[in-house]
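K.L.:
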Amino acid sequence: MASPTRDTPNTGRTARPKQRRGEGQWALGYREPLNPNERSKKDDHPLNVRDRIENIYAHRGFDSIDPGDLRGRFRWYGLYTQRKPGIDGGRTATLEPEELDDEYFMLRVRLDGGALTTTQLALLGEISQTYARDTADITDRQNIQYHWIRIEDMPTIWQKLEDAGMTTMEACGDSPRVILGSPVAGIAADEVIDATPAIEEIKRRYVGDPAFANLPRKFKSAISGLPDVAHEVHDIAFVGANHPEHGPGFDLWVGGGLSTNPMIGQRLGTWVPLDEVPEVWAGVISIFRDYGYRRLRHRARIKFLVKDWGAAKFREVLENEYLKRSLIDGPAPEVPEVPIDHVGTHRQHDGNYYVGAAPVAGRVSGSTLLAVAKAAERAGSAQVRLTPQQKLVVLDVPESELDGLRTELGELGLQTEPSPWRRGVMACTGIEFCKLAIVETKARAQDLVDDLERRLADIQSDVDKPVSVHLNGCPNSCARIQTADIGLKGQIVTDAGGNQVEGFQVHLGGGLGLDAGFGRKLRGHKVTSAELTDYVERIVRNFVAKRTEGERFAQ
Ligand code: SF4
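Position 457 of the sequence shown, counted from 1, bears residue number 457 in the UniProt record's numbering, the numbering being contiguous throughout.
#1: Please state whether DSSP places Pro33 in a helix, a strand or coil.
#2: Might you give, ordered along the chain, the residues of its own chain that have their beta carbon closer than 8 Å to the beta carbon of Gln446, omitting 5 neighbours on each side?
#3: Among His346, Leu268, Glu276, which has the Cα closest to the Cα of Lys313?
#4: Is the segment 102-122 touching the segment 155-166 in the sense that three or more CB pairs, one from each, lie closer than 8 Å?
#5: Output needed for Lys465: all residues of its chain with C-beta closer than 6 Å, excluding positions within five of it in sequence on either side, in chain order.
#6: Any chance you could list the residues with Cβ under 5 Å from a heavy atom of the ligand SF4, keeping chain order?
#7: Less than 8 Å between the C-beta atoms of Ala213 and Glu279, yes or no?
#8: Would the beta-carbon of Gly330 fall within 8 Å of that of Ala188?
#9: If you count every other CB in all the chains shown that lies within 10 Å of the CB of Ala375, and 16 or more means buried, which is it?
#10: State the beta-bridge partners of Arg91 as determined by DSSP.
#11: Taking the alpha carbon of Ser365 as the reference point, which residue from Asp140, Asp51, His147 has its own alpha carbon closest?
#12: Return the first residue and the last residue of the beta strand (DSSP E) that Ala115 is part of.
#13: With DSSP run on the structure shown, which of helix, strand or coil describes Leu414?
#14: Between the segment 193-208 and the segment 492-512, do three or more beta carbon pairs fall short of 8 Å?
#15: Determine which residues share a DSSP beta bridge with Gln491 and list them.
#16: Roughly how many angstroms lie between the CA atoms of Ser419 and Gly22, to the nearest whole one?
#17: First and last residue of the beta strand (DSSP E) that includes Leu82?
#18: How many angstroms separate the CA atom of Leu409 from the CA atom of Val393?
#19: Three Cβ pairs or more, each shorter than 8 Å: is that satisfied between the segment 82-93 and the segment 482-489?
#20: Can you give the beta carbon distance from Arg108 to Gln145, rounded, assuming they're within the 8 Å contact cut?
#21: Can you say whether Pro398 is buried or exposed, counting buried as having 16 or more other CB atoms within 10 angstroms of its CB?
#22: Taking 7 Å as the limit between beta carbons, can you name the residues of its chain near Thr475, skipping five residues before and five after?
#23: DSSP three-state call for Ser381: helix, strand or coil?
#24: Measuring CB atoms only, is the segment 152-162 touching the segment 52-66, in the sense that at least three cross pairs come out at less than 8 Å?
#25: Could you work out which residue in Pro244, Leu452, Pro183, Tyr131 is closest to Asp140 when comparing CA atoms only?
#26: In the DSSP assignment, find the unbroken alpha helix (DSSP H) run with Asp286 in it and report its ends.
#27: Answer yes if the segment 189-197 comes into contact with the segment 214-232, meaning at least three C-beta pairs across the two stretches below 8 Å, and no otherwise.
#28: Could you tell me which uninterrupted beta strand (DSSP E) segments, each at least 3 residues in length, are contained entirely in the segment 343-404, listed from first to last along the chain?
#29: Near Tyr80, what residues of its chain come up, given a Cβ to Cβ distance below 6 Å and the 5 sequence neighbours on each side ignored?
#30: Opposite Leu252 in the DSSP bridges: which residues?
#31: Using C-beta distances below 7 Å, list every residue in its chain close to residue 569, excluding the 5 sequence neighbours before and after it, in chain order.
#32: Which of helix, strand or coil does DSSP assign to Ser224?
#33: Would you mind working out which of Thr270, Ile179, Lys303, Glu432 sits nearest Asp112, comparing C-alpha positions?
#34: Check the DSSP bridge columns for Lys521 and list the partner residues they point to.
#35: Express the C-alpha separation of Thr156 and Arg294 in angstroms, rounding to a whole number.
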């Protein structure tokens, strides 16, 4: 890997005439930092911070950390300060960052494609037990997220992770984050193509490359031979598609994203063969680096550039300025009727089986990860994958071992035939650890699942497809609320007694796949956390009672 530099190079192209008002695009000559984040990245390349952590902060402790590193550059190595315990959500927006900072960290381990050997999974469990108070969450980006990490332990944690082929590099920050991939890549009977070689090659060539480590903001990628990675809401996505002449390859999407101003990605109408995916990925991320808007953070995602340019111009710039060749036109991928989550028992193309299991909203523990690794090995498997729906999948299980494995997973709280609610619930980190949060999410999700399983047992068999209920702790969309059947955005609401309490703005009828689109935010449609179960129960009962034959929730 090349050494970080203080700044990334311009493309050397002639600056174009300036637009009405500069948006901070490097390729148009706006090289001076236009906000504190850009200034911080120019002052010192974020990848340089690792040396300071290992050689200074880990020895001198939390109080020695430079604020610019603490709240900025640490992210390039997956580190965020976690929220100080006991600060209620109503105060989130009123406190200074240092008042919210705990001296412990959240640490994200990037697991591209969600792929793990059982040895790696066991190590993740052991690290959690030793350094993270046994915490571990499966995120909807196929990462493992720890809490309660001390800066003093980071050198040892990195050494252990890297010895086992794992990393936290660019797990966060304005960089190419973890690449989502199919949890059943290479073993699914119905995949168009195995994307694993492309994911591995991008990671090998570009993750940690200083040339792509100072982007306008984060860059989220998904590459899958199946439409099982929420490709519609990624900065870039390659989705398996069969070309009538050239065979299996990928359809390219750009400019999707959630949070405020959610947008569905646009197809560029191209077919990309497997071995060209890394080059095309590098072309698109280069456009983002060079033409992306850096002046305002809330406009610094590629979706705004794609919206302004349109798909045709974006493709033209990609072909003419970056690839120096034309791309092949290609077809759209097939669209699944409901998003694929891989929960349950499924036959692989080699005759073995994979078994998908559902923790509630990704909340597990180090001990659970360790136990899953052992259970998988007892069942003859050496591979486990995490999913973009906060679930996990054990691969390569012989038929004779299925019952034993399913029993063991069930005893760990990982059901392989879960109720529609357990299967469809996702939640972000929330107020327990996140400094931006306004409300509790993970524990709320657990309560909701327990309550709904009890209250809706009489109609469970009538709900043949999972009803997705996604909970966010704030207006960001870490749990993809806009694409859920029932999306819940955390905020302070007024209860019947006029009190300010935790609650949610409701978004109804969002979806992916056939129903790709964003849920409707109904004016005044808010619910307190205490009323949440009543509300969801009412909605689901109403849907089951009134739906027409074959109708999906999002229709
Ligand atoms: Fe934190 Fe908000 Fe993201 Fe939840 S949605 S993890 S509260 S930033």
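All C-beta atoms, glycine included, are put in the ideal place defined by N, C-alpha and C.
Being a predicted model, the structure only gives us computed values, none of them experimental.
P.N.:
So, from the listed chains and residues:
#1: On the sequence shown, residue 33 is found 33 positions in, with the first residue counted as 1. Pro33: coil per DSSP, three-state reduction.
#2: As a first step, residue 446 is located in the sequence shown; it is residue number 446 there, counting from the start. Excluding sequence neighbours, Gln446 sits near Val360, Ala361, Arg363.
#3: In the sequence shown, residue 313 corresponds to position 313, counting from 1. In terms of CA proximity to Lys313, Leu268 leads the group His346, Leu268, Glu276.
#4: yes
#5: For the purposes of this step, residue 465 is identified with residue 465 of the sequence shown, where counting begins at 1. Cβ within range, chain order: Val338.
#6: Cys428, Thr429, Cys434, Leu436, Ala437, Asn472, Gly473, Cys474, Asn476, Cys478
#7: Locating residue 213 in the sequence shown gives position 213, counting from the first residue. Locating residue 279 in the sequence shown gives position 279, counting from the first residue. For Ala213 and Glu279, no; Cβs fall outside 8 Å.
#8: One-based indexing of the sequence shown puts residue 330 at position 330. One-based indexing of the sequence shown puts residue 188 at position 188. Contact flag unset, no.
#9: Counting from one through the sequence shown, the residue named residue 375 turns up at place 375. That one is buried.
#10: The count along the sequence shown starts at 1 and reaches residue 91 at position 91. The partner list for Arg91 (beta bridge, DSSP) is empty, contrary to what the question assumes.
#11: Mapped onto the sequence shown, residue 365 falls at position 365. Of Asp140, Asp51, His147, the residue nearest in Cα terms is His147.
#12: Residue mapping note: residue 115 aligns to position 115 of the sequence shown, counting from 1. Segment 115-117, the beta strand (DSSP E) holding Ala115.
#13: By one-based count along the sequence shown, residue 414 stands at place 414. Coil, per DSSP.
#14: no
#15: The residue given as residue 491 occupies position 491 in the sequence shown. DSSP lists Gly503 as partners of Gln491.
#16: Numbered from its first residue, the sequence shown carries residue 419 at position 419. Numbered from its first residue, the sequence shown carries residue 22 at position 22. Rounded to the nearest angstrom, the two C-alpha atoms are 52 Å apart.
#17: For this step, residue 82 is matched to residue 82 along the sequence shown. Looking at the sequence shown, residue 82 is not Leu but Gln. Here the beta strand (DSSP E) through Gln82 covers 79-83.
#18: Position 409 of the sequence shown, counted from the first residue, corresponds to residue 409. Position 393 of the sequence shown, counted from the first residue, corresponds to residue 393. Cα to Cα, the separation comes out at about 11 Å.
#19: no
#20: Mapped onto the sequence shown, residue 108 falls at position 108. Mapped onto the sequence shown, residue 145 falls at position 145. Arg108 to Gln145, Cβ: 5 Å. Contact.
#21: By 1-based counting over the sequence shown, the position of residue 398 is 398. Per the 10 Å Cβ criterion, exposed.
#22: Counting from one through the sequence shown, the residue named residue 475 turns up at place 475. The question names Thr, but residue 475 in the sequence shown is Pro. Only Thr260, Lys489 meet the Cβ criterion.
#23: For this step, residue 381 is matched to residue 381 along the sequence shown. In the structure shown, Ser381 sits in coil (DSSP, three-state: anything other than H, G, I, E or B).
#24: yes
#25: Start at 1 with the first residue of the sequence shown, and residue 140 comes out as number 140. That would be Pro183, whose Cα lies nearest to the Cα of Asp140.
#26: On the sequence shown, residue 286 is found 286 positions in, with the first residue counted as 1. With the sequence shown as reference, residue 286 is identified as Ser, and Asp is not the correct amino acid for it. Element bounds for Ser286: 277-291.
#27: Flag = yes, the segment 214-232 and the segment 189-197 touch.
#28: 344-347, 353-357, 363-365, 383-386, 392-397
#29: Here residue 80 refers to the residue found at position 80 of the sequence shown. Excluding sequence neighbours, Tyr80 sits near Met106.
#30: As a first step, residue 252 is located in the sequence shown; it is residue number 252 there, counting from the start. BP columns for Leu252 point to Phe238.
#31: No answer is possible for residue 569: it lies beyond the span of the chain, which begins at 1 and ends at 555.
#32: Position 224 of the sequence shown, counted from the first residue, corresponds to residue 224. The answer is strand: DSSP assigns Ser224 an E or B state.
#33: Looking up residue 112 in the sequence shown gives position 112. When only C-alpha atoms are compared, the closest one is Ile179.
#34: Indexing the sequence shown from 1 puts residue 521 at position 521. When beta bridges are read from the DSSP output, Lys521 appears opposite His507.
#35: The residue given as residue 294 occupies position 294 in the sequence shown. The residue given as residue 156 occupies position 156 in the sequence shown. Cα-Cα distance, rounded: 35 Å.
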